[in-house]
Amino acid sequence: MNDRKVRVRFAPSPTGPLHMGGVRTALFNYLFAKKHNGDFLLRIEDTDQTRYVPGAEDYIMESLAWCGLKVDEGIREGGPHGPYRQSERKEIYKEYAEALVKSGNAYYAFDSAEELDKLRHEYESKGENFIYNASTRSSLKNSFTLSDEEVQRLLNSEESFVVRFCMPDNEVVTENDIIRGEVSFNTGLLDDKVLYKSDGMPTYHLANVVDDHLMEITHVIRGEEWLSSMPLHVLLYRALGWSDTMPRFAHLPLILKPVGKGKLSKRDGDKLGFPVFPLLWNDPFSGEVSRGYREDGYFPEAFINMLAFLGWNPGTEQEFFSLEELVENFSLERVGKSGSKFDPEKTKWFNHQYLIRRSDEQIAEQFEAILKSKGIADYDNAKVIRICGLLKERANFVSEIWNQGYFFFQAPTEYDAQVVKKRWKAETPQMMKEIAEFLNSVDNWDTAPLKEAFSAFVTGKGWGFGAVMNAFRLCLVGAGIGPDLFDICNLIGKDETINRINRALNQIRL
RNA sequence: GGCCCGUUCGUCUAAGGGUUAGGACGCAAGAUUUUCAUUCUUGUAAUAGGGGUUCGAAUCCCCUACGGGCUACCA
Numbered sequence: 009m010n011d012r013k014v015r016v017r018f019a020p021s022p023t024g025p026l027h028m029g030g031v032r033t034a035l036f037n038y039l040f041a042k043k044h045n046g047d048f049l050l051r052i053e054d055t056d057q058t059r060y061v062p063g064a065e066d067y068i069m070e071s072l073a074w075c076g077l078k079v080d081e082g083i084r085e086g087g088p089h090g091p092y093r094q095s096e097r098k099e100i101y102k103e104y105a106e107a108l109v110k111s112g113n114a115y116y117a118f119d120s121a122e123e124l125d126k127l128r129h130e131y132e133s134k135g136e137n138f139i140y141n142a143s144t145r146s147s148l149k150n151s152f153t154l155s156d157e158e159v160q161r162l163l164n165s166e167e168s169f170v171v172r173f174c175m176p177d178n179e180v181v182t183e184n185d186i187i188r189g190e191v192s193f194n195t196g197l198l199d200d201k202v203l204y205k206s207d208g209m210p211t212y213h214l215a216n217v218v219d220d221h222l223m224e225i226t227h228v229i230r231g232e233e234w235l236s237s238m239p240l241h242v243l244l245y246r247a248l249g250w251s252d253t254m255p256r257f258a259h260l261p262l263i264l265k266p267v268g269k270g271k272l273s274k275r276d277g278d279k280l281g282f283p284v285f286p287l288l289w290n291d292p293f294s295g296e297v298s299r300g301y302r303e304d305g306y307f308p309e310a311f312i313n314m315l316a317f318l319g320w321n322p323g324t325e326q327e328f329f330s331l332e333e334l335v336e337n338f339s340l341e342r343v344g345k346s347g348s349k350f351d352p353e354k355t356k357w358f359n360h361q362y363l364i365r366r367s368d369e370q371i372a373e374q375f376e377a378i379l380k381s382k383g384i385a386d387y388d389n390a391k392v393i394r395i396c397g398l399l400k401e402r403a404n405f406v407s408e409i410w411n412q413g414y415f416f417f418q419a420p421t422e423y424d425a426q427v428v429k430k431r432w433k434a435e436t437p438q439m440m441k442e443i444a445e446f447l448n449s450v451d452n453w454d455t456a457p458l459k460e461a462f463s464a465f466v467t468g469k470g471w472g473f474g475a476v477m478n479a480f481r482l483c484l485v486g487a488g489i490g491p492d493l494f495d496i497c498n499l500i501g502k503d504e505t506i507n508r509i510n511r512a513l514n515q516i517r518l
């Protein structure tokens with residue numbers, strides 16, 4: 009059993025865009041698989057026809073691809089254990105549902121949803137819990153209480169039925185979760201879960217166990233919301249005679265809201281202004297658009313790095329990990345037990361760190377698309393690369409480089425009123441005029457010599473540097489921001505520098 | 001309500017019986033930058049509460065509180 013090849017699966021249901029919590033589950037599955045030279049499968053759990061959302065399946069696959077999580081077996085990749093879409097495996101589940109009935113581990117039930125609902129309310133009003141299990145099943149409509157003939161008649165009729173698991177009474181099921189250790193449940197408190205629905209589809213529980221077995225899954229790594237289903241699943245493996253090859257379980261802690269209580273939801277993103285989905289999502293029903301990390305300008309590497317640290321840590325002080333390094337260092341033992349609040353600020357910081365580590369050329373490539381969107385087509389590629397190098401320290405995203413350096417590409421059209429008030433004095437226009445004349449006489453426009461000549465000129469005039477430089481910057485930039493002024497002069501060129509001074513002289517009024 | 005899981009700075013976390021409880025984000029201050037940002041330095045701030053066990057407990061046990069998940073013919 010220990011020599012089995014590690015095989016894990018990520019098994020989302022296509023009910024909408026993949027939440028970042030889902031991406032993290034996929035990530036941990038992927039990391040665990042690759043760490044152990046195993047396989048990472050993608051299985052689509054679309055057994056609930058009513059919740060199917062067109063496009064969600066492609067969205068899931070595109071998200072994993074963007075994150076660099078390569079799927080070994082799945083609906084696109086194929087593989088020896090297909091199909092990998094549960095709706096295409098209906099016949100398989102039916103077979104196992106029947107086998108469970110035959111072996112006495114499951115039974116047919118004919119109670120309608122309305123009848124059950126009514127019962128639940130009755131119990132509730134008495135302050136009690138209704139549980140469909142050993143305590144109640146003998147008084148309900150099922151193959152325990154009905155005669156064989158009646159059951160056969162109902163099964164052959166139009167009457168709908170479900171298959172329920174026969175939960176043993178008062179037995180303690182203990183299972184060793186890799187993250188949580190031993191967890192015990194008393195089956196007397198559990199209910200006879202529906203395994204097979206009246207629409208001919210299995211429920212999650214049956215489909216999941218059957219597929220994990222058939223696909224030779226060795227480790228089930230999933231969210232904590234499944235922890236309470238663990239005893240049912242353990243019992244199903246037993247009932248099906250698969251205990252020997254039952255996978256190990258690892259239940260991941262949840263990702264919580266940045267502020268307030270509860271798990272992270274789409275609402276939080278809207279409210280606090282950050283994406284909760286990896287990719288932009290266009291809801292086919294409501295037309296509503298949800299932001300995505302990709303479209304917001306995050307690097308997948310930064311997104312993944314941040315996600316990995318939500319619940320996992322390497323135990324060292326290293327905080328930047330490539331996907332390969334994560335694979336190398338990952339272990340489920342170092343995954344925490346408690347939920348983690350998501351921190352959008354730290355996510356930005358991660359992106360900043362990845363941005364400054366990128367080469368200027370790579371950044372320039374992305375930035376050029378932004379330039380085009382701003383209507384700037386005529387630019388010198390080498391200069392753009394230099395500009396990106398100058399500005400990347402100041403930005404969290406490539407897109408912010410524009411706000412940090414628009415003035416490299418277009419002259420300011422307005423002048424920051426606050427800066428004007430503070431830096432543009434009565435004597436300033438005269439100084440600027442003289443500076444323009446001086447600059448016109450400068451031949452060597454390289455940054456360093458220009459700076460040197462300029463300093464000599466200002467010193468010779470006996471002017472204060474603070475007054476000159478800030479006013480000069482206002483002329484060139486229109487505000488009190490930006491990198492070294494002589495870098496700006498050099499990059500925009502001599503003529504443009506002088507033009508901008510003249511322009512400011514015309515436009516700035518006290 | 002019932003069952004299960006959890007609880008270290010505001011946040012992510014380290015420390016798995018003996019540390020001045022460490023790091024990171026954030027925030028604050030100082031330095032550098034004649035701008036702004038960056039960068040650097042420093043500071044800020046935590047073992048939920050109460051009982052045990054022990055020479056010694058953030059670490060082990062119990063209780064309480066709080067948080068979370070599940071409690072569907074949803075996953």
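Its first residue numbered 9, the first sequence is counted upward by one per residue in our numbering. Each residue gets a CB set at the ideal place from its N, CA and C atoms; glycine is no exception. From a predicted model like this one, the values you see are computed outputs, not experimental measurements.
Runs of the alpha helix (DSSP H) lying entirely within the segment 30–106, each at least 4 residues long, are 64–75 in chain order.
Where R246 is concerned, the enclosing alpha helix (DSSP H) starts and stops at M238 to A247. Shortest Cα-Cα distance from K380 to any of F405, F173, F417 and N478 involves F417. Scanning the segment 143–186 from its first residue to its last, the whole beta strand (DSSP E) runs of 3-plus residues come out as 170–173 and 180–185. Along the length of the segment 256–307, whole beta strand (DSSP E) runs at least 3 residues long occupy 256–260, reported in chain order. Between the alpha carbons of Y131 and N321 lies a gap of roughly 46 Å. In the displayed model, L458 falls within a helix according to three-state DSSP. At least 7 Å separates the beta-carbon of K356 from that of P266.
For G231, the enclosing beta strand (DSSP E) covers residues H227 to G231. About 6 Å separates the beta carbon of L240 from that of H213, a gap short enough to meet the 8 Å contact definition. Residue pairing by DSSP leaves V218 without any beta bridge partner. When secondary structure is reduced to three states using DSSP, R366 falls in the coil class, being assigned neither helix nor strand.
In this structure, the CA atom of N178 is about 20 Å from the CA atom of N184. In the same chain as E336, and ignoring 5 residues on each side of it, the C-beta atoms closer than 8 Å to its own belong to K43, in chain order. For R508, the enclosing alpha helix (DSSP H) stretches over residues K502 to Q515. Taking one beta carbon from each stretch, the segment 282–295 and the segment 52–68 have 3 or more pairs nearer than 8 Å; the two touch. For W410, DSSP records no beta bridge to any residue. A residue is called buried once 16 or more other Cβ atoms fall within 10 Å of its Cβ, and G30 is buried on that count. Short of 8 Å from the beta carbon of L315, and not among the five residues preceding or following it, lie these beta carbons of its own chain, in chain order: M28, V31, R32 and L35. Counting C-beta pairs closer than 8 Å gives three or more between the segment 46–54 and the segment 83–101, which meets the contact rule. Minimum Cα-Cα distance from K149 among the listed residues E123, S133 and R128 corresponds to E123.
Apart from sequence neighbours up to five positions away, the residues of its chain that approach I506 with a beta-carbon distance below 7 Å are A444, L447 and N448, ordered along the chain. In this structure, S346 sits away from P457, with a CB-CB distance that is not shorter than 7 Å. The three-state secondary structure of P352, taken from DSSP, is helix. Straight-line spacing of the CA atoms in A461 and M439 works out to 16 Å. Setting aside the 5 residues that flank it on each side, G87 is surrounded in the same chain by E81, each with a C-beta closer than 6 Å to its C-beta; the list follows chain order. Distance from the CA of W410 to the CA of A403, rounded to the nearest whole angstrom, comes to 9 Å. Judged by their CB atoms, N141 and M175 are nearer to each other than the 7 Å cut-off.
Straight-line spacing of the CA atoms in Q361 and S330 works out to 13 Å.
The Cβ atoms of A479 and R431 sit closer than 7 Å to each other. For N452, the closest C-alpha among the options L264, C497, L318 and F169 is that of C497. When D495, G470 and I263 are compared, the shortest CA-CA separation from L318 is found for I263. Between the segment 151–162 and the segment 201–208 there are fewer than three inter-stretch CB-CB distances shorter than 8 Å, so the stretches are not counted as touching. Around the beta carbon of H227, a 10 Å sphere encloses 16 or more other beta carbons of the protein chains shown; the residue is thus reported as buried. Inclusion of F338 and L39 in the CB contact set at 7 Å is warranted, their separation being smaller than that value. For L340, no alpha helix (DSSP H) encloses it, and the DSSP letter there is neither H nor E.
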